[in-house]
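Before any comments, here is the structure.
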Amino acid sequence: MFVPATTTVKQDNAALVPHFTEHVYATKHGVELPLRVWRSTTDAIDDANYADPSDPAAYDLGGSSTDLRGLQTPHNEPGSGSCTPAPPAPKPWLLWSHGGAFMGGSVAPAPWVLPAFLPWAHVVSYGYRLAPAVGIDEMAEDGADAVAWCRANLPAILDDINIDACIVGGLSAGGSLAILNGLLTPRPRVVLDAYGIVDFADTHFDPKFTGPGYDPGSVSGRYSEGQLEHAIAGRDASTALTALPGNDDPDAQGAVTAVYSRVKEMLGWTDPQGIAADVKVHVAATGRIMRVLTRREKHPDNDTWRVAATRASPITKVDEHFPATVILHGVEDRTVPVDQSARFAKALRNVGVVVKEVYVPDADHCFDFTCTGANSPGWDNAIAPLIEFIQERLELVDESPSLLAPPKTV
Numbered sequence: 001m002f003v004p005a006t007t008t009v010k011q012d013n014a015a016l017v018p019h020f021t022e023h024v025y026a027t028k029h030g031v032e033l034p035l036r037v038w039r040s041t042t043d044a045i046d047d048a049n050y051a052d053p054s055d056p057a058a059y060d061l062g063g064s065s066t067d068l069r070g071l072q073t074p075h076n077e078p079g080s081g082s083c084t085p086a087p088p089a090p091k092p093w094l095l096w097s098h099g100g101a102f103m104g105g106s107v108a109p110a111p112w113v114l115p116a117f118l119p120w121a122h123v124v125s126y127g128y129r130l131a132p133a134v135g136i137d138e139m140a141e142d143g144a145d146a147v148a149w150c151r152a153n154l155p156a157i158l159d160d161i162n163i164d165a166c167i168v169g170g171l172s173a174g175g176s177l178a179i180l181n182g183l184l185t186p187r188p189r190v191v192l193d194a195y196g197i198v199d200f201a202d203t204h205f206d207p208k209f210t211g212p213g214y215d216p217g218s219v220s221g222r223y224s225e226g227q228l229e230h231a232i233a234g235r236d237a238s239t240a241l242t243a244l245p246g247n248d249d250p251d252a253q254g255a256v257t258a259v260y261s262r263v264k265e266m267l268g269w270t271d272p273q274g275i276a277a278d279v280k281v282h283v284a285a286t287g288r289i290m291r292v293l294t295r296r297e298k299h300p301d302n303d304t305w306r307v308a309a310t311r312a313s314p315i316t317k318v319d320e321h322f323p324a325t326v327i328l329h330g331v332e333d334r335t336v337p338v339d340q341s342a343r344f345a346k347a348l349r350n351v352g353v354v355v356k357e358v359y360v361p362d363a364d365h366c367f368d369f370t371c372t373g374a375n376s377p378g379w380d381n382a383i384a385p386l387i388e389f390i391q392e393r394l395e396l397v398d399e400s401p402s403l404l405a406p407p408k409t410v
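Below is the structure:
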């Protein structure tokens, strides 16, 4: 169900992230689905714009949201002269899907997304309902609704947007959802898949997993195994969360100990989010992420379920009309094996889709979170090639410097 555009200006610390507007793109079973919009800006957005995560002051947002209606901003402030400035050239836009094992994360994009895209494109990031309350079908539906909302509402919010120049992107679980968004009509122009899961039936996900962030020892201990199993079995869509930030989430900026406690307070963590954090770790540690996502309980045996999980997998859905795609993956990824991306690239080429693969040696899952600007280590090898490919596909490479990837500062 679509709702009218509700808009606020987030009073964020300017040193942490650029200002954005917040919206609700749909309400389902009483759950509001959030969406953020960042207007493209040529202001410097790099390492210097991200606060030191060890500084608690970085997380003092200093106020509540403010109604946007009638508010003059640097982008719509009337000119002081009598001449009307020429309208800005329409810009492309990115729709970002966050990661989090389909059971966590938040609407905040990865640290490199804003500095990489905002100098030449608008950025939109949406939240979706999380497992276990919903499965992959509902998440894909949320993505489709976010795209539809954007196409209907963004031209009124961003006067210089080329609504048809759409890029869909995401990382990890969000990479999977970005691929599914790439199947929508009208098709996006480019898909950015950062180490997304493309084969839900891959036996890699069967064993117990204790990778980074999923150590069973990180469970709080406040809930019994029976309580956790009861929560895992829950299928009430009205209880679905749309945010479960972790300590590596961009909304928390990697803060730890007392600072992270302040961030959790700021984000308003509730007990449902507390048990959900333990559920996420417990599901991973018992090898059931894909089973929860694709509703194993609907199938009589594992073989039947695996057939259904394969059918639901993004890799089986692409065709010759799929958009040009750029793939990013760490070669040493223990969470999502790099073979997933290699097989996906092969499947795309087999149907004639243009693909660029960017594989980073010695890199594990979420290695890119250290990239916060063009001066960050690894930017040239991991992030710059993505932007170059996307701009080539959008035919922006011959445009003015303001439309190119942010230059490195000396």
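Everything in the sequence shown is counted per the UniProt record's numbering, starting at 1 for the first residue and increasing by one. Every residue gets a Cβ at the ideal spot worked out from N, C-alpha and C, and that includes glycine. If you're wondering where the values come from, they're calculated on a predicted model, not measured in any experiment.
One or two residues paired with residue i in a DSSP bridge
| i | result |
| --- | --- |
| Ile167 | Leu94, Val190 |
| residue 425 | As displayed, the chain neither begins before 1 nor continues past 410, which places residue 425 out of reach and without an answer. |
| Lys317 | In DSSP, Lys317 forms no bridge with anything. |
| Trp38 | Val123 |
| His23 | Leu35 |
| Leu244 | Gly105 |
For residue j and residue i, the rounded distance between their alpha carbons
| i | j | result |
| --- | --- | --- |
| Arg146 | Ala156 | Reading off the sequence, residue 146 comes out as Ala, not Arg. Taking the straight line from one Cα to the other gives about 16 Å. |
| Ala110 | Phe369 | 6 Å |
| Gly287 | Cys366 | 20 Å |
| Thr294 | Val113 | 29 Å |
| Thr91 | Asp159 | Correcting the residue type first, residue 91 is Lys in the shown sequence and not Thr. One C-alpha to the other measures close to 10 Å. |
| Asp193 | Ile327 | 5 Å |
| Arg151 | Pro188 | 11 Å |
| Val283 | Ile289 | 6 Å |
| Ile179 | Pro314 | 6 Å |
| Thr185 | Ile163 | 13 Å |
| Pro300 | Glu225 | 25 Å |
| Pro207 | Arg291 | 12 Å |
| Phe117 | Gly352 | 27 Å |
| Arg393 | Val219 | 44 Å |
| Trp149 | Ala26 | 8 Å |
| Asn381 | Phe389 | 13 Å |
| Pro119 | Trp305 | 45 Å |
| Val307 | Ala201 | 8 Å |
| residue 489 | Gly169 | This structure does not reach residue 489, given that the chain is present from 1 up to 410, and the question cannot be answered. |
| Leu154 | Ile136 | 26 Å |
| Ala342 | Asp199 | 12 Å |
| Arg235 | Ala131 | 9 Å |
| Ile161 | His122 | 8 Å |
| Val318 | Tyr223 | 41 Å |
| Glu138 | Gly182 | 16 Å |
| Trp379 | Ile387 | 11 Å |
| Ala231 | Pro337 | 28 Å |
| Tyr126 | Thr242 | 9 Å |
Buried or exposed by the 16-neighbour rule on C-beta atoms within 10 Å, applied to residue i
| i | result |
| --- | --- |
| Arg36 | buried |
| Gln227 | exposed |
| Glu297 | exposed |
| Lys280 | buried |
| Pro74 | Because the pLDDT of Pro74 is 33, which lies under 50, any placement of that residue in the model is unreliable, and the question is left without a value. |
| Ser238 | exposed |
| Thr42 | exposed |
| His321 | exposed |
| Arg129 | buried |
| Arg39 | buried |
| Gly30 | exposed |
| Asp303 | exposed |
| Gly221 | exposed |
| Pro115 | buried |
| Asp339 | exposed |
| Thr372 | buried |
| Gly63 | Here Gly63 scores only 30 on pLDDT, less than 50, and its place in the model is too uncertain to base an answer on. |
| Asp278 | buried |
| Glu357 | buried |
| Pro377 | exposed |
| Ala140 | buried |
| Thr21 | buried |
| Ala233 | exposed |
| Thr325 | buried |
| Pro88 | exposed |
heavy atom of the ligand MG below 8 Å from residue i C-beta
| i | result |
| --- | --- |
| Arg288 | Inclusion of the ligand MG in the displayed structure is not the case, the ligand content being empty and no account of it being possible. |
Residue-level contact to chain D via CB, residue i, 9 Å cutoff
| i | result |
| --- | --- |
| Thr316 | In the structure shown, chain D does not exist; there is a single protein chain. |
Discussion item. My parser needs the beta strand (DSSP E) runs of 3 or more residues fully inside the UniProt domain "Alpha/beta hydrolase fold-3" (94 to 179); what are they?
Written reply: 122 to 126, 161 to 171
Point to revise | Three CB pairs or more closer than 8 Å across the segment 160 to 174 and the segment 95 to 103 | key: yes
_In chain order, each alpha helix (DSSP H) run of at least 4 residues that lies wholly inside the segment 287 to 370_ = 289 to 293, 302 to 312, 338 to 350
- Query: Using 8 Å as the Cβ pair cut-off and three pairs as the minimum, do the segment 352 to 365 and the segment 332 to 341 touch?
  - Reply: yes
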